[in-house]
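**Student:** Here's a structure for you.
Residue numbers (the working numbering): 83 to 511.
In structure tokens, the structure reads:
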């Protein structure tokens, strides 16, 4: 695979559920348009800082498997296993669940369906489950054509959002628009933190190319360029779309609205077009589920390979059972968690794993000659990324018992594995 394919993977991975839903959720907690835009800008800066750091790391370690493989190399092999399992369960499976729930919200908006119970389960959750099963079946059964289907859906989603963002931006009357008359209102610390987690979740995917890095031609060059170009494209689209939303709709009108882009289309083109748009978005959201169905099992499969298999130029195919295991976890999350709970937990984990990865720059295993070649990364980019991410994570734990339990459990398991591995009681191949 070449540079264009790598860029597309990054764009398709980033362009998912978050941009379609989180602006309305942010409006419910921040209130003001300026605060919402500030969160989106901070998230963009964090993502681009991460791209710079990961680019340096992948030039030194052009291997597949994502953070799990890199953490195993920088710290302990057992930590790599733990990261792979958590990425598989919390990252990709939860991403599938969030995408499925967003798909259901847009479909029900477009079809004019109110939520009702079927056998004690809401119709929205049943629609989300059906979408997850469908895309898992696509990747498990028709592997040769699954990427083509996913590519078409992701391209259509990108063009739809770009068209709406551009038209909405040009439609803004800057003399009387809600954005032009907005003032800084301020918000609670909890509101800022949760919205920053939403932003981290939405921008996640900027590192997608590292999960299959070794499959690209000249990965030490291709992957960094793909992350930079793909992230830049999506960031511009996200900021343009949010300016279009906040410039045409008062934040009070979108407060708590999940299908917020459909609300913008209704404002611009009318209710009938908005319903058609929502239905179309629900279809193309299948590509977001497809990306996680493609990448998640590969992360776990890579770390579970034997040493000889890891040295093979072409890795063995991913077993279909891993795809169905991930689908099962996603379905469980749909049935037991709300949309906001899933995104909140994902945001915490998606902050911890990259921080550990970037901290690996300072490990002894990092070649000093290479490190000296990137003083900006060691002394500016990496400290900014680690510091900003750590602050978000720490503040997000305040008042969030589920997240605190998750982090303490992760710390206890990691420390136990480290001790057992150091004493030779645990051997990781």
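C-beta atoms are modelled at their ideal positions from N, C-alpha and C, and glycine is treated no differently.
Quick caveat: nothing in here was measured; it's all calculated off a predicted structure.
Enumerate in chain order the residues of its own chain whose CB-to-CB distance from residue 261 is below 6 angstroms, with the five nearest sequence positions on each side excluded.
**Tutor:** Same-chain partners within the cutoff: 115, 328, 329.
**Student:** Expressed to the nearest angstrom, what Euclidean distance is found between the alpha-carbon atoms of residue 455 and residue 336?
**Tutor:** The predicted position of residue 455 is uncertain, since its pLDDT is 49 and thus under 50; no value can be drawn from it.
**Student:** Mind checking which residues open and close the alpha helix (DSSP H) that includes residue 105?
**Tutor:** Residue 105 -> alpha helix (DSSP H) spans 100-112.
**Student:** Can you tell me whether DSSP reads residue 254 as helix, strand or coil?
**Tutor:** Looking at residue 254 - three-state DSSP - the assignment turns out to be coil, as it is neither helix nor strand.
**Student:** Suppose contacts are defined by Cβ-Cβ distances below 7 angstroms. Is residue 341 in contact with residue 191 by that definition?
**Tutor:** Yes. Within cutoff.
**Student:** Following the continuous alpha helix (DSSP H) through residue 443, name the residue where it begins and the one where it ends.
**Tutor:** Note, residue 443: premise wrong, no alpha helix (DSSP H); not H, not E.
**Student:** With contact counted as at least three CB pairs below 8 angstroms, one residue from each stretch, are the region 355-372 and the region 160-172 in contact?
**Tutor:** No: the two stretches stay apart, fewer than three of their Cβ pairs being nearer than 8 angstroms.
**Student:** Quick check: residue 118 and residue 130, are their CB atoms within less than 7 angstroms of each other?
**Tutor:** Contact flag unset, no.
**Student:** Do residue 276 and residue 483 have their C-beta atoms within less than 7 angstroms of each other?
**Tutor:** No, the Cβ-Cβ distance between residue 276 and residue 483 is not below 7 angstroms.
**Student:** Residue 378 and residue 170 - do their beta-carbons sit closer together than 7 angstroms?
**Tutor:** Result yes, Cβ atoms of residue 170 and residue 378 sit closer than 7 angstroms.
**Student:** Can you tell me whether residue 599 is helix, strand or coil according to DSSP?
**Tutor:** Residue 599 cannot be examined here, being either before or after the span of the chain that is shown, 83 to 511.
**Student:** Measuring straight from C-alpha to C-alpha, what distance separates residue 416 and residue 186?
**Tutor:** Near 11 angstroms, if we compare the C-alpha coordinates of residue 186 and residue 416.
**Student:** DSSP on residue 204, reduced to helix/strand/coil?
**Tutor:** In the structure shown, residue 204 sits in a strand (DSSP, three-state: E or B).
**Student:** Should residue 99 be labelled buried (16 or more other beta-carbon atoms within 10 Å of its own) or exposed?
**Tutor:** Buried, because 16 or more other Cβ atoms sit within 10 Å of the Cβ of residue 99.
**Student:** Check the DSSP bridge columns for residue 199 and list the partner residues they point to.
**Tutor:** Paired residue(s): 204.
**Student:** For residue 309, name the three-state secondary structure that DSSP assigns.
**Tutor:** Residue 309: helix per DSSP, three-state reduction.
**Student:** Excluding five sequence neighbours on each side, which residues of the same chain lie with their C-beta closer than 6 angstroms to the C-beta of residue 310?
**Tutor:** Excluding sequence neighbours, residue 310 sits near 133.
**Student:** Looking at C-alpha atoms only, which residue of 457, 122, 91 is the closest neighbour of residue 318?
**Tutor:** For residue 318, the nearest C-alpha among the options comes from 122.
**Student:** Leaving out five residues on either side along the sequence, give the residues of the same chain with a beta carbon under 7 angstroms from the beta carbon of residue 208.
**Tutor:** Taken in chain order, the residues that qualify are 200.
**Student:** By how many angstroms is the C-alpha of residue 85 removed from the C-alpha of residue 212?
**Tutor:** If you take the alpha carbons of residue 212 and residue 85, they lie about 34 angstroms apart.
**Student:** Are residue 374 and residue 177 closer than 7 angstroms when you measure CB to CB?
**Tutor:** Their beta carbons are under 7 angstroms apart, which means residue 374 touches residue 177 by this criterion.
**Student:** Do you know whose CA, among 306, 181, 463, 308, lies nearest residue 206's CA?
**Tutor:** The candidate whose alpha carbon is nearest that of residue 206 is 181.
**Student:** How would you call residue 188, buried or exposed, if buried means at least 16 neighbouring beta carbons within 10 angstroms?
**Tutor:** Per the 10 Å Cβ criterion, buried.
**Student:** For the alpha helix (DSSP H) that residue 117 lies in, which residues bound it at each end?
**Tutor:** Looking at the DSSP string, the run of the alpha helix (DSSP H) that includes residue 117 is 115-142.
**Student:** To the nearest angstrom, report how far apart residue 442 and residue 264 are at their CA atoms.
**Tutor:** In a straight line, the C-alpha of residue 442 is about 42 angstroms away from that of residue 264.
**Student:** Can you give the Cα-Cα distance for residue 102 and residue 266, rounded to whole angstroms?
**Tutor:** Each residue's alpha carbon lies about 24 angstroms from the other.
**Student:** Could you give the residue range of the alpha helix (DSSP H) that holds residue 184?
**Tutor:** Taken as a continuous stretch (DSSP letters only), the alpha helix (DSSP H) holding residue 184 covers 175-193.
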